[in-house]
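So the structure is just underneath, and the comments pick up after that.
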């Protein structure tokens, strides 16, 4: 796991931590470089940790998401490394060094790393203050009987989870309208709506234009002052489309 300490880090002051998860067949070093989050961390004083997935692939690594096939089509089995347990241990170790504030731990990830980020939001809400998947928002595994809907049994966090997702309208790998491989399937709006239901959001979906090429879909009025936000870049594909400054501004609003 690569760890980027922000410029001017003060060991006497525990900092926020952002876990950054690479896409399938990637690795921590590559996503750390391509995402630009190190530079964002230097500006805002948070730590970035970029682990490698626990399942070795060729090339790179993939994440062990129970019940969800990897890009090879194989379901993870009992012999595969437990990525959730590794994340738990990594956060615990960093907190024990007193360099990380355990109340300000966040997760983001690209593509398959977005699925991993979503999984952690579903099953580790006690660890993470907010999540921000990039071209990979999920709200549980696709339902076996109807893959166009998420299976509610696979995502029931212990507390409301703030969610900010980023996507591209021209993504053909994980289309925002749904489809793609078996581990994607249901649309981004369906995932947003499920998170809004989980968070008890009372305000209906509102869409607002941020620029000629970017719009947001927002559910507000949620429990614990959470929010569910989907930001879409028109014409962008399956790439790191996140606005890192907006992501950090969202994260910084929340503590666990």
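Numbering (my numbering), first residue to last: 22 to 277.
Every residue gets a Cβ at the ideal spot worked out from N, C-alpha and C, and that includes glycine.
By the Cβ test, the region 138-147 is not in contact with the region 166-173, since fewer than three Cβ pairs between them sit closer than 8 Å.
Assigned with DSSP and collapsed to three states, residue 147 falls in coil, not helix or strand. Per DSSP, reduced to three states, the secondary structure at residue 161 is coil, with no helix or strand assignment. Sequence-distant Cβ neighbours of residue 235 in its own chain, meaning closer than 6 Å and more than five residues away, are 254. In the DSSP secondary-structure assignment, residue 25 is bridged to 69. In the DSSP assignment, residue 253 falls within the beta strand (DSSP E) that extends over 249-254. Straight-line measurement puts the Cα of residue 182 at about 11 Å from the Cα of residue 250. Taking 7 Å as the cut-off, the Cβ atoms of residue 229 and residue 187 do not count as close. As DSSP reads the structure, residue 185 sits in a beta bridge with 250. Sequence-distant partners of residue 180 (beyond 5 residues in either direction) whose C-beta falls short of 8 Å from its own C-beta, in its chain, are 146, 147 and 245.
The beta carbons of residue 121 and residue 68 sit about 6 Å from each other, so the pair counts as a contact at 8 Å.
Under the three-state reduction of DSSP, residue 230 is assigned to strand. Separation of residue 212 and residue 160 (C-alpha to C-alpha, rounded to the nearest whole angstrom) is 5 Å.
In the same chain as residue 150, and ignoring 5 residues on each side of it, the C-beta atoms closer than 8 Å to its own belong to 124, 125, 126, 127, 183, 272, 275, 276 and 277, in chain order. In the DSSP assignment, residue 76 is bridged to 83.
According to the DSSP assignment, residue 129 belongs to the beta strand (DSSP E) that extends over 121-131. Restricting attention to 104, 216, 239 and 233, the CA atom closest to the CA of residue 227 is found in 239. A straight line joining the alpha-carbon of residue 135 with that of residue 152 spans about 9 Å.
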